[in-house]
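A.B. asks: Residue numbers (the working numbering), protein chains in the order written: chain A, 1 to 114; chain B, 115 to 229. In this text, a Cβ means the ideal position worked out from N, Cα and C, and glycines have one as well. Predicted model only: the values in this text are computed from it and were never measured. Sharing a structure here in structure tokens format.
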Amino acid sequence: KNQVEQSPQSLIILEGKNCTLQCNYTVSPFSNLRWYKQDTGRGPVSLTIMTFSENTKSNGRYTATLDADTKQSSLHITASQLSDSASYICVVIPFTGGGNKLTFGTGTQLKVEL
Amino acid sequence: EPEVTQTPSHQVTQMGQEVILRCVPISNHLYFYWYRQILGQKVEFLVSFYNNEISEKSEIFDDQFSVERPDGSNFTLKIRSTKLEDSAMYFCASLQGGGPYNEQFFGPGTRLTVL
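Following this line, the structure appears as structure tokens:
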């Protein structure tokens, strides 16, 4: 069964600090991996999209990495801001040729404090 | 910027009642999805819809669920006889093209509470 596991489950950091969130997946083969940000009570919003051949992708203060050999991805957030407080979800798209069914990870709940 | 909208934002219903959750996808999108998220759990795929028919559904999407695109703009999810365990956030998403690298855009969700 396709699985996407994330760690840590939750994280508290001080404003201005950096953090790294981890994602391990078993989805195979897969076409691409995405990181989403989900604010409380809102729908997920895409941060990065990486194909299986890409190693890193940046979007402002967010940098995602991918190691397709070990089936691991990470999301690094630099110079955190209070508005970064949200759930960060790793999502893998199986290479099924249709449907684009997203397999969601368990999420990491990030809280940024003063 | 175009966005997916959903109504209502919060729906409270009695167990056994029928509910219809509504979504207006982005206008030039062709693929439509429903997901749900039980409180404290991960987002789960329910169903995908293309060309006026279901293209894929999960084991969660049983006979109590149905989807419809009654006109050119709305995409609805109907739950015929709600159960307590149907209480969740329901997210609609839409996708412009069918390629796996295209992005699904999510709506803000409808919180369904079954009493």
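1. Using a cut-off of 7 Å between C-beta atoms, extract the partners of K156 of chain B located in chain A.
2. Consult DSSP for E167 of chain B and reduce its assignment to one of helix, strand or coil.
3. For T51 of chain A, decide whether its Cβ has a neighbour in chain B, counting only Cβ atoms nearer than 8 Å.
4. Kindly indicate if chain B contains any beta-carbon less than 8 Å away from that of I77 of chain A.
5. The beta strand (DSSP E) that contains C106 of chain A, what's its start and end?
6. When burial is assigned at 16 or more other CB atoms within 10 Å of the CB, is V45 of chain A buried or exposed?
7. Could you give the DSSP three-state label for E132 of chain B: helix, strand or coil?
8. Which residue's Cα is closest to the Cα of E234 of chain B: B:T121, B:Q128, B:P139?
9. Is there contact between the region 165-181 of chain B and the region 14-31 of chain A, where contact requires at least three CB pairs shorter than 8 Å?
10. Return no unless some Cβ of chain B is closer than 8 Å to the Cβ of K111 of chain A.
11. Please confirm whether K57 of chain A has its beta-carbon closer than 8 Å to some beta-carbon of chain B.
12. In terms of residues, what are the limits of the beta strand (DSSP E) holding K17 of chain A?
13. Alpha carbon to alpha carbon, how far is F104 of chain A from L229 of chain B? Give it in angstroms, no decimals.
14. Answer yes or no: does any C-beta atom of chain B fall closer than 8 Å to that of P151 of chain A?
15. Quick one: what's got a C-beta closer than 6 Å to F163 of chain B's C-beta in the same chain, skipping five residues either side?
16. Can you name, in chain order, every residue of its own chain whose Cβ lies under 6 Å from the Cβ of K57 of chain A, other than the five neighbours on each side?
17. With burial defined as no fewer than 16 other Cβ atoms inside 10 Å of the residue's Cβ, what is the status of G43 of chain A: buried or exposed?
C.D. replies: In terms of the structure at hand:
1. F104, G105, T106, G107
2. strand
3. yes
4. no
5. A small correction: the amino acid at residue 106 of chain A is Thr; Cys does not occupy that position in the sequence shown. Taken as a continuous stretch (DSSP letters only), T106 of chain A belongs to no beta strand (DSSP E), as it is neither H nor E.
6. exposed
7. coil
8. The first residue shown for chain B is 115 and the last is 229, placing residue 234 of chain B beyond what the model contains.
9. no
10. no
11. no
12. First-last for K17 of chain A: undefined, no H or E at that position.
13. 28 Å
14. Limits of chain A in this structure are 1 at one end and 114 at the other, which puts residue 151 of chain A out of reach.
15. F146, V181
16. T48, M50, A64
17. buried
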